[in-house]
Each structure stands twice: as C-alpha cells, then as structure tokens.
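S.K.:
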Amino acid sequence: MHISFSGAAVQVGDPVTFEVATNSRGSDLEVKGVNRHSLALLQFSVWHRQLGALDFKVVIAQGHLDVGKLPSLLFSLKDMADAEKADGRLCFIGCMLVNTLDIASFYLTAPLLIPYGQWLGASNAQIGTWPMAFNGLAILSALLLPKLADARGPKTCLLISAGGSGLGYLLQGSASFWRGSPGGLQAVLVGHAIAGLFSGTRPVLYAVMKDATKKNQNLFNKRIGISVHFIRAALLWHLWLA
Numbered sequence: 001m002h003i004s005f006s007g008a009a010v011q012v013g014d015p016v017t018f019e020v021a022t023n024s025r026g027s028d029l030e031v032k033g034v035n036r037h038s039l040a041l042l043q044f045s046v047w048h049r050q051l052g053a054l055d056f057k058v059v060i061a062q063g064h065l066d067v068g069k070l071p072s073l074l075f076s077l078k079d080m081a082d083a084e085k086a087d088g089r090l091c092f093i094g095c096m097l098v099n100t101l102d103i104a105s106f107y108l109t110a111p112l113l114i115p116y117g118q119w120l121g122a123s124n125a126q127i128g129t130w131p132m133a134f135n136g137l138a139i140l141s142a143l144l145l146p147k148l149a150d151a152r153g154p155k156t157c158l159l160i161s162a163g164g165s166g167l168g169y170l171l172q173g174s175a176s177f178w179r180g181s182p183g184g185l186q187a188v189l190v191g192h193a194i195a196g197l198f199s200g201t202r203p204v205l206y207a208v209m210k211d212a213t214k215k216n217q218n219l220f221n222k223r224i225g226i227s228v229h230f231i232r233a234a235l236l237w238h239l240w241l242a
C-alpha cells in the first residue's frame, strides 16, 4: 500500500491531491477528504474500512514538500500498512474454535445431561454432581491457565486446553459403552472434571486477540463482543430446551 501525490513537490498554500493504492485489497481504502495545507503544515486523512480515519500531518520544510525525502511520512505509511496486514483474522477464527470447545460446549450439552444420565442409570443426585465438578474445576482453571500461558506461551496454552477439553468430552461420550454400570457414571464425572479443568481460557483468548489486533482497538472491541455472543447463544439454547 502506498500514497502518491500529484506532483513531486508542492508549495505552501497550494491545494494538494493524492492517490491511494493497495497491493491486494483495494476496496479497504478510500480517500475521505483532502485539506489545504496552511502555513507550514500539510494535513490530509485516509479512510480505512477497518481502521477508521487515519490522519497525517507533515511539516513542510523550507517552503516545499519533497515526497521522496520525508521519513516521517514513510514511517506513517509503514505503520498503516502493518496495521492493514495485522488484522489477525486467522488467529481470531482459531480463538473462536477454542472458545466453542472450552466454554460454550458445556452450555450446549448441559440440557442433555438429565436424559443422558437417566439413560445411563444415574440418579438425580449423581447427575447434579457433574456440573458441580465442571464449575468447581473451572474456577481452578481460571487461575492456572493464565499462569501456564505466561510460562509456556499463549498458543501452547490454548493447544493444551483444547486437547484437555476434547479428552473430557470424549470420556463423557464413551460412558455409553458402560451403560448401567458404575464405570459409565464415573467416566461422565471424570470427563466433566477434566473439561472444567481446561475451560478457563477466556483471559488467554482475550490476550491472544489483543496481541493480534494491537494496532486496531476498534476491531479488538468488536471481536470481544463476538466472543461473548458465543456464550450467550449457548445459554439461550440451554434456556430454550429447558
């Protein structure tokens, strides 16, 4: 992405026009407005679809502006290009998959606990211990996983969390092979405990998304809202089935 002026140099008081071009996604950028520069200050702004308005102010030295000799302008363009590339879209998709597995899956499957437990031969008291095990270990998970992310890195932490949650739900599903025996009920209980132990990834997810979109606060705020809607949708599903 680059910005080019209509001339190699402009004099103080002259109107300035410029063109905007991108290497790949040209629709992301458009000229929002061109201002006349007054005295020794050139002002113009570019509108980015995701980043919003990006304003540039360049001091004109010795009565004219030489586009090829303005490090401050070049640095601004470099930052703008980096921000365009660093939207972290792939990272956000991965975070939402982990969010669904670690957090939303419990609420999505919770309405099935009673019929599933009764089918396995569990009493109401035994069924009640399953969400207790999940939530109890989830509190511990919220304390341990951020420390693991600091020690091993957030990506490693998320991979471990996804693997642990997958193992927990696999144990819950495999309990059907031991229907009518104490082993099946114990498998569900242990599965809930394991899933809860690896469910406290929300602080780590927010940290990863913040790092991926650190130059775009508006985009980060939107993605935080989307991640919360995942949980709300699962809760609404729970209430609707209830």
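Counting with UniProt numbering, you get residues 1 to 242 for the letters of the sequence shown.
Where a beta carbon is used, it is the ideal one built from N, C-alpha and C, also for glycine.
1) With distances taken between CB atoms, is the gap from R223 to T213 smaller than 9 Å?
2) Relative to the C-alpha of I127, which candidate in L101, P182, M209 has its C-alpha closest?
3) What first and last residue would you give for the alpha helix (DSSP H) that runs through D150?
4) On a Cα-Cα basis, can you pick out the residue from F177, F220, I194, Y169 that is closest to L108?
5) For R179, name the three-state secondary structure that DSSP assigns.
6) Compare the C-alpha of V204 against each of G153, G180, A193, V190 and name the closest.
7) Just to check my reading of the structure: A193 and S174 have Cβ atoms closer than 8 Å, yes? What is that Cβ distance to the nearest angstrom?
8) Can you tell me whether D102 is buried or exposed? The criterion is at least 16 other CB atoms within 10 Å of its CB, across all chains shown.
9) I'd like to check one pair, L185 with L120: are the Cβ atoms closer than 9 Å?
10) With L197 and L148 assumed to form a contact (beta carbons below 8 Å), what rounded beta-carbon distance in angstroms separates them?
11) With distances taken Cα to Cα, identify the nearest neighbour of L189 among L97, L137, R89.
12) For L159 versus G191, is the C-beta spacing smaller than 9 Å?
13) Does F177 pass the burial test, meaning 16 or more other C-beta atoms within 10 Å, or should it be called exposed?
14) DSSP three-state label for S165, please.
15) Using the Cβ count rule (16 or more neighbours within 10 Å means buried), how would you classify S199?
16) Give the DSSP-derived three-state secondary structure of K222 in the structure shown.
17) Please name the residue, chosen from S161, W130, A151, G117, that lies closest to G94 on a Cα-to-Cα basis.
18) My assumption, with CB atoms under 8 Å, is that L167 sits in contact with C157. Please give the rounded CB distance.
19) Are there 16 or more other CB atoms within 10 angstroms of the CB of M132, so buried, or fewer, so exposed?
20) Please tell me whether A195 and S105 are closer than 9 Å, where the distance is taken between their beta carbons.
M.R.: Let me lay it out:
1) yes
2) P182
3) 124-152
4) Y169
5) coil
6) G153
7) A193 to S174, Cβ: 15 Å. No contact.
8) buried
9) yes
10) No, L197 and L148 are not in contact; Cβ-Cβ is about 11 Å, not under 8 Å.
11) L137
12) no
13) exposed
14) helix
15) buried
16) helix
17) S161
18) About 16 Å separates the two Cβ atoms, so there is no contact after all.
19) exposed
20) yes
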